[in-house]
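For my numbering, add 78 to where a residue sits in the sequence shown, where the first one is 1.
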Amino acid sequence: MIDQNEAPFFDALRAFATGSGVPFSTPGHKRGIGAPQGMRDLLPDALGCDVPHGGGVDTTHLSYGLLKRAEALAAAAYSGDSARYLVNGSTTGNVAMLMSVANDSDTVLVTRMLHKSLMTGLIQSGARPVYLTPEIHAERNLPIGVAPSQVAEALARHADARAVVLASPSYVGISSDLRSIADICHAANVPLLVDEAWGPHLHFHPAVGPSAMQAGADAAVSSTHKMLAALTQGSTLVARRERIDVARLDTLVDMTQTTSPSALIYASLDASRRQMALEGEALLSRAIHLATELRSSLTRLPGLAVVSDDIVSASPGARLDPTRIMIDVHQLGWTGYEAEEFLRTEHGVYVEMSDLLSVMLLITIGDSEESIERAAAGLTAMAAQPRPVRHAAAARSLGELLYGGEAVTTPREAFTRPSRVVSVEASIGEISAEAITPYPPGVPIVAPGERIQAATVDYLRIGLREGMYISGMSDPTCETIRVIA
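Right under this line is the structure:
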């Protein structure tokens, strides 16, 4: 019998933290006693709860069932047959999901808008990706999502495909038509796997859903910490048994996840699941209302363009998450990097993302009228300070440039073959041996195995000059690139 009022792991950790037991186990600070005074002052409650899974709440060697019970509750809450709580973020789930369906040289259909963790899964599994290119909104130069017709055509061309792997919603909050895509996949008896890192809330309110599992996906991983109340690194992986070997998936989670999982993160996942199962729709209704208020006030400001529902109007089944507010500031003459710094230093407003052209704000169940007012005040002050326009929408990294590279080898082949280091200028036309990943959002602009374009090099020069952060390269300055020898 499933009762979503339960939170067995959270309640057990609370009982442990308020008890008088003396641990002779990790961590070495022994409930905070051995920690420096500054840590004790900053984290008094957290230190008392900071134990690994086997350190007082449950045990990894002989389970008392607390974690299994908590994960069974999550499976029911997210409409799956099985669930795993993840303490290494959605990265663990993405790698395990992909490796559960594909081995060396197996074909998988994968969105080119893949996060670096899915790229890691491709490298570790050895799978051969056939990239699915999302549609691009012409004016905004933003990806709208993978069209069902493209999935159908790709499955027809690649009858040996072991899975379809998508990222939905995208970093900017656009969900693909997963219901139609799931039907297409299942007609071909192919599982649909979804990196739903940015959509842990979609399951709990019709105005932001459906979630991947509600749409019929066979497995999905969501970052509960990103939009809900779990602690950072807390994510949830949910699967159905019909087309997924759940036992193999469990083994892969155990292989890729830390062997010292934090009971504190597990407990926060358990508590967040209970909160959303019981109160999720009401909490999200308030968040949507606050986001609507902010969006309305920003659309009246000169020089700012707020991405709205019209971006998906020509794509039936695609949806924009109303709690994601992406603000294009380039017509104001600012870069997103400058806008982020101004909002942070002048108004104490910390945005989720900035790029050459935009900033993005997440409105969640933790927001209030006061936080919305502060964001509006900061952006209003910024809009009153226009500058000469410096960049066009073509400079956005999540546009056509991202999908123009020719895939010559698999990511694993590129990553494992002998390589050499060349200057950025000399890399044009070479095959990259590493991922070049502007962060955020963590989508490689060049994937291992892709040929490097002159346009990509130009974009990197502009971005680095303006303050772009690049992840995944052996040379963090991006002055050199590792290419296949």
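Heads up, the beta-carbon is just placed ideally off N, CA and C, and yes, glycines get one too.
*Exposure of ASP388, with buried meaning 16 or more beta-carbon neighbours within 10 Å*: exposed
*asked:* Taking its Cβ as the centre, do 16 or more other Cβ atoms sit within 10 Å of ASP536, making it buried, or is it exposed?
replied: exposed
*From ALA563, VAL390, PRO522, residue whose alpha carbon lies closest to that of LYS194*: PRO522
*Endpoints, beta strand (DSSP E) assigned at GLY223*: 220-223
*Where does THR189 sit, in a helix, a strand or coil, going by DSSP?*
strand
_Helix, strand or coil for THR555? Go by DSSP, reduced to three states._
coil
*asked:* Which residues does DSSP list as the beta-bridge partners of THR515?
replied: SER549
*Could you name the residues of the same chain whose beta carbon sits closer than 8 angstroms to that of LEU415, not counting the 5 residues immediately before and after it, in chain order?*
Per the sequence shown, residue 415 should be read as Tyr rather than Leu. Within the same chain, TYR415 has close Cβ partners SER432, ASP433, LEU434, GLU544, GLY545, MET546.
*Inter-stretch contact at 8 angstroms, needing at least 3 Cβ pairs: the region 351-362 / the region 179-191*: no
*Could you check where the beta strand (DSSP E) with SER497 kicks off and where it finishes?*
497-501
_Meets three-Cβ-pair contact criterion under 8 angstroms: the region 241-256 and the region 363-380_ = no
*Pull up the distance between the alpha-carbon of ASP406 and that of MET197, whole angstroms please.*
28 angstroms
*Evaluate GLU320 with the Cβ neighbour count: other Cβ atoms within 10 Å of its Cβ, from every protein chain shown; 16 or more gives buried, anything less gives exposed.*
exposed
*Given 8 angstroms as the limit, is there contact between the region 196-211 and the region 509-528, that is, 3 or more CB pairs closer than that?*
yes
*Would you kindly work out how many angstroms separate the C-alpha atoms of ILE530 and GLY507, rounded to a whole number?*
5 angstroms
*Put SER313 into one of helix, strand or coil per three-state DSSP.*
strand
_Beta-carbon spacing of ALA153, SER160 below 8 angstroms_ = yes
*Put TYR415 into one of helix, strand or coil per three-state DSSP.*
helix
*asked:* For a test of the three-state rule: what should DSSP assign to GLU544, helix, strand or coil?
replied: helix
*Whole runs of the alpha helix (DSSP H) within the region 154-220, excluding any shorter than 4 residues*: 168-179, 194-203
*N- and C-terminal bounds of the alpha helix (DSSP H) containing ALA308*: No alpha helix (DSSP H) contains ALA308, which DSSP labels as neither H nor E.
*For PRO105, write down the residues that DSSP places opposite it in a beta bridge.*
Per DSSP, none; premise fails for PRO105.
*Can you have a look at GLN311 and say buried or exposed, based on whether 16 or more other CB atoms are within 10 angstroms of its CB?*
buried
*Spatial neighbours of ASP255 within its chain, please: CB distance less than 8 angstroms, with the 5 preceding and 5 following residues excluded, ordered by chain position.*
GLY223, ALA225, PRO226, SER393, PRO394, GLY395, ALA396
*Are there 16 or more other CB atoms within 10 angstroms of the CB of ASN267, so buried, or fewer, so exposed?*
exposed
*asked:* By the DSSP assignment, the beta strand (DSSP E) with THR285 in it spans what residues?
replied: The identity of residue 285 in the sequence shown is Ala, whereas the question assumes Thr. Looking at the DSSP string, ALA285 is not in any beta strand (DSSP E), and its letter there is neither H nor E.
*Would you kindly work out how many angstroms separate the C-alpha atoms of ALA113 and PRO380, rounded to a whole number?*
51 angstroms
*For ILE403, does the count of other Cβ atoms within 10 angstroms reach 16, so buried, or fall short, so exposed?*
buried
*asked:* Here's a check: name, in chain order, each residue in its chain whose Cβ is nearer than 6 angstroms to the Cβ of ILE259, leaving out the five neighbours to either side.
replied: PRO226, VAL229
*Quick one: residues in its chain with C-beta nearer than 8 angstroms to the C-beta of ALA470, no 5 flanking neighbours on either side, listed in chain order?*
HIS408
*Per-residue DSSP class, three states only, for ALA245*: strand
_Within 8 angstroms of any Cβ in chain C, is that where the Cβ of ARG118 sits?_
Protein chain content of the structure displayed is limited to a single chain, and chain C is not contained in it.
*Residues that SER258 bridges to, as DSSP identifies them*: Partner(s): none; SER258 has no beta bridge.
_Residue environment, PRO464, which counts as buried when at least 16 other CB atoms sit within 10 Å_ = exposed
*Tell me the DSSP bridge mates of ARG539?*
DSSP lists no partner for ARG539.
*Identify the continuous beta strand (DSSP E) that holds ARG402 and give its terminal residues.*
402-406
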